[in-house]
Structure formats: C-alpha cells, structure tokens
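Visitor: At position 12 of the sequence shown the residue is numbered 12 (full-length UniProt numbering), and the sequence of numbers has no breaks. Quick one: structure below, then a few questions.
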Amino acid sequence: MERNKRKTRVGYVTSNKMDKSIVVSVNNIELHPLYGKSMKRVKKYKAHDEENQCQTGDRVRIMETRPLSKDKRWRLVEIIEKAK
C-alpha cells in the first residue's frame, strides 16, 4: 500500500499513561438514518507515539499502519496543537 493512500484521523489525546502509546478520541457527527437528527459519535484509537511527546489534551493527526500490538494499528504523524 502506498503511504499516501493510508487513512488519517484528527482527534484529541485522552490518555498518555502507557509507554510509547496514546489513546486518541475522534469525534464524528452523523445523521440518524431514520429521523435525520445529528448525533455525536466518539471513537477511540490507540496510536504509537515513539518519543512520548504527546500530553493529554493535545490535538493530533494519526495515520493507519501495520499492526504494532494487539490493539495498536495507528501511529502519530504530527501534533497539530499543544494543550493549554
């Protein structure tokens, strides 16, 4: 697979307590299939953070990669915005 064809997501770091790993929450707004009301959906991804540089609350971009462990299939690409 080419590197530019991989999926990317933007979300917020909710946990960085693991070594070289972060949990990223990605918010999506979807329409209800029958009623059309917008609903907020939150999906959590475990991502690889090689240098342990992320803090809780950072806005980050993650990219799909090969399986790195039982749960990790994403890796950190960049920190878009540091937490205040």
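Beta carbons: idealized from backbone N, C-alpha and C, even for Gly.
With DSSP collapsed to three states, give me the class of N52.
Guide: In the sequence shown, the residue the question calls residue 52 occupies position 52. Coil.
Visitor: What does N27 pair with, by DSSP beta-bridge criteria?
Guide: As a first step, residue 27 is located in the sequence shown; it is residue number 27 there, counting from the start. N27 is bridged to V42.
Visitor: Counting along the chain, where does the beta strand (DSSP E) carrying Y12 start and finish?
Guide: Taking the sequence shown and counting its residues from 1, the one referred to as residue 12 is at position 12. Counting along the chain, the beta strand (DSSP E) containing Y12 begins and ends at 8–15.
Visitor: Please classify residue 96 as buried or exposed, where buried requires at least 16 other C-beta atoms within 10 Å of its C-beta.
Guide: Since the first residue of the chain shown is 1 and the last is 84, residue 96 is not available in this structure.
Visitor: Answer yes or no: do V77 and R59 have a C-beta to C-beta separation smaller than 8 Å?
Guide: For the purposes of this step, residue 77 is identified with residue 77 of the sequence shown, where counting begins at 1. For the purposes of this step, residue 59 is identified with residue 59 of the sequence shown, where counting begins at 1. No.
Visitor: Compare the C-alpha of K40 against each of R73, D49, I29 and name the closest.
Guide: The count along the sequence shown starts at 1 and reaches residue 40 at position 40. Closest option to K40, Cα to Cα, is I29.
Visitor: Taking all protein chains shown into account, decide if A47 is buried (16 or more other Cβ within 10 angstroms of its Cβ) or exposed.
Guide: Indexing the sequence shown from 1 puts residue 47 at position 47. That one is buried.
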